[in-house]
Amino acid sequence: GALATHRLLFSSWLPEAPYRVAIGTTLLYAVICFALFPLYRSWRGRGLLREMMVLSLACGGVFALFAVHAFVVQFGQQVSRLWIGLWFATSLATLLVSRTMVRGVLNHLRSEGVDVQRVVVVGLRHPVVKIHNYLSRNPWVGMQLVGYFSSDYDLSVADHPQKLQCLGAGTPESLIDYLNNNEVEQVWISLPLGERDHIKQLLQQMDRYPIQVRLIPDLFDFGMLNQSGDQIGNVPVINLRQGGVDRNTYFVVAKALQDKLVALAALAMLWPLMLAIAVGVKLSSPGPVFFRQRRHGLGGREFYMYKFRSMRVQQEPSDVVV
1 GALATHRLLF
11 SSWLPEAPYR
21 VAIGTTLLYA
31 VICFALFPLY
41 RSWRGRGLLR
51 EMMVLSLACG
61 GVFALFAVHA
71 FVVQFGQQVS
81 RLWIGLWFAT
91 SLATLLVSRT
101 MVRGVLNHLR
111 SEGVDVQRVV
121 VVGLRHPVVK
131 IHNYLSRNPW
141 VGMQLVGYFS
151 SDYDLSVADH
161 PQKLQCLGAG
171 TPESLIDYLN
181 NNEVEQVWIS
191 LPLGERDHIK
201 QLLQQMDRYP
211 IQVRLIPDLF
221 DFGMLNQSGD
231 QIGNVPVINL
241 RQGGVDRNTY
251 FVVAKALQDK
261 LVALAALAML
271 WPLMLAIAVG
281 VKLSSPGPVF
291 FRQRRHGLGG
301 REFYMYKFRS
311 MRVQQEPSDV
321 VV
């Protein structure tokens with residue numbers, strides 16, 4: 001991208017010394033940023049949009065590091081800013097297009113049965129069934145769940161998915177015997193976290209096998225849809241519910257300013273519409289124009305929420321806080 005842009009702007013494929021230094025510096029920062037961002041991970045089973053976002057962030061990091069470097073060493077006066085901008089833009093576009101094309105080719109090959117990873121799972125629970133249904137509908141992912149090893153926590157027979165056979169009891173001996181006689185790329189463990197000793201035994205038995213092992217926790221019982229992983233110190237944690245922003249950070253100030261500025265701008269632009277809505281609410285049914293409700297905000301503090309009334313007035317317990 002750098003050479004092509006240099007040829008386009010200066011009609012030469014051979015850049016001068018300052019441009020060569022810029023290219024070398026950027027390549028160094030690219031190695032750092034592409035390693036820090038999970039760009040060279042396996043993207044099997046992950047969405048294309050997420051891959052494009054990570055790639056864009058990595059390229060943005062390279063550009064930011066180069067910009068800081070150029071500012072510190074006063075390098076910006078020796079190379080064309082137009083060349084730098086076009087170089088980064090064309091490089092990002094080329095990477096996005098090339099990765100999209102490679103992803104399309106890989107998806108097609110995997111749909112045809114090429115590069116398909118065989119997976120076995122210990123325990124048949126709701127997350128496994130959900131993943132099995134997803135893989136059955138999307139063969140381009142390139143994963144085949146060939147069977148499961150039973151456990152005491154499996155679903156009832158009526159809930160078992162079709163085309164998923166039981167390979168035996170979920171003991172370390174049964175699993176190792178199967179791995180010795182079959183080609184398997186991944187082993188998934190779907191057991192309750194209380195089965196710690198059982199999980200450790202399975203992991204110890206699989207130490208000498210070069211296969212990927214994944215733990216699939218069953219979090220559906222908590223009724224949460226947006227769990228995320230985190231780490232505090234060296235201890236992994238799972239976020240079951242996201243609370244408000246941290247009161248000790250600048251995000252509180254930023255959010256407060258944003259709320260007030262956006263609210264003022266919305267009132268300035270939408271007051272005629274709001275006035276018409278207020279008149280319509282007042283004429284449609286008896287009662288106040290606004291509905292007021294007590295709610296919990298940041299830090300558990302109570303506040304009153306107002307909105308246009310959309311239903312008829314009814315008595316609500318005064319001590320209820322949402």
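To convert, note that position 132 of the sequence shown is 132 in full-length UniProt numbering; the numbers rise steadily by one, no gaps. Positions of the beta carbon are idealized from the N, C-alpha and C atoms, including for glycine. Remember, it's a predicted structure, so these values are computed and weren't measured experimentally.
Original post:
In three-state terms, what does DSSP make of Leu3?
Top reply: Against the sequence shown, residue 3 aligns to sequence position 3. Looking at Leu3 - three-state DSSP - the assignment turns out to be helix.
Original post:
Of the choices His126, Ile176, Tyr178, whose alpha-carbon is the least far from that of Leu191?
Top reply: Along the sequence shown, one-based indexing puts residue 191 at 191. Looking at the Cα atoms, His126 is the closest of the given residues.
Original post:
Skipping 5 residues on each side, what residues in its chain have a beta carbon closer than 7 Å to that of Pro217?
Top reply: Along the sequence shown, one-based indexing puts residue 217 at 217. So the list reads Leu193, once near-sequence residues are dropped.
Original post:
What does Trp83 pair with, by DSSP beta-bridge criteria?
Top reply: Taking the first residue of the sequence shown as 1, we reach residue 83 at position 83. Beta-bridge partners assigned by DSSP to Trp83: none are found.
Original post:
Taking just the CA atoms, how far does Ser111 sit from Tyr178?
Top reply: Numbered from 1 along the sequence shown, position 178 holds the residue referred to as residue 178. Numbered from 1 along the sequence shown, position 111 holds the residue referred to as residue 111. Between Tyr178 and Ser111, the C-alpha separation is close to 26 Å.
**OP:** Reducing DSSP to helix, strand and coil, say where Leu167 ends up.
**Re:** Numbered from 1 along the sequence shown, position 167 holds the residue referred to as residue 167. Leu167 falls in the strand class under three-state DSSP.
Original post:
By the 10 Å Cβ neighbour count, where 16 or more other Cβ atoms means buried, how is His108 classified, buried or exposed?
Top reply: The residue labelled residue 108 in the question sits at position 108 within the sequence shown. Exposed, since its Cβ has fewer than 16 Cβ neighbours within 10 Å.
Original post:
Touch check for the region 48-68 and the region 97-107: three-plus C-beta pairs under 8 Å?
Top reply: The count of Cβ pairs closer than 8 Å, one atom from the region 48-68 and one from the region 97-107, reaches three, so the stretches are in contact.
Original post:
Would a C-beta distance cut-off of 8 Å place Glu185 and Gln212 closer than the cut-off?
Top reply: The count along the sequence shown starts at 1 and reaches residue 185 at position 185. The count along the sequence shown starts at 1 and reaches residue 212 at position 212. Pairing Glu185 with Gln212 gives a Cβ-Cβ distance under 8 Å.
**OP:** Could you pull the start and end residues of the beta strand (DSSP E) that Met52 belongs to?
**Re:** Position 52 of the sequence shown, counting from 1, holds the residue named residue 52. Premise fails: Met52 lies in the alpha helix (DSSP H), 48-72, not in any beta strand (DSSP E).
Original post:
Helix or strand or just coil, what does DSSP make of Phe37?
Top reply: Against the sequence shown, residue 37 aligns to sequence position 37. The three-state secondary structure of Phe37, taken from DSSP, is coil.
**OP:** In the DSSP assignment, find the alpha helix (DSSP H) that holds Ile199 and state where it starts and stops.
**Re:** On the sequence shown, residue 199 is found 199 positions in, with the first residue counted as 1. Counting along the chain, Ile199 sits inside the alpha helix (DSSP H) bounded by residues 196-205.
Original post:
In whole angstroms, what is the alpha-carbon distance linking Ala4 and Trp13?
Top reply: As a working note, residue 4 is residue 4 in the sequence shown. As a working note, residue 13 is residue 13 in the sequence shown. In a straight line, the C-alpha of Ala4 is about 7 Å away from that of Trp13.
Original post:
In terms of alpha-carbon separation, which member of Val279, Arg118, Phe303, Ser150 lies closest to Ser310?
Top reply: Numbered from its first residue, the sequence shown carries residue 310 at position 310. With respect to the C-alpha of Ser310, the residue from Val279, Arg118, Phe303, Ser150 having the closest C-alpha is Val279.
Subject >> Within 8 Å, strictly: CB atoms of Tyr29 and Phe66 >> reply: Taking the sequence shown and counting its residues from 1, the one referred to as residue 29 is at position 29. Taking the sequence shown and counting its residues from 1, the one referred to as residue 66 is at position 66. A contact, by the Cβ cut-off of 8 Å.
Subject >> For Ser150: DSSP bridge partner residues >> reply: Looking up residue 150 in the sequence shown gives position 150. In DSSP, Ser150 forms a bridge with Ala169.
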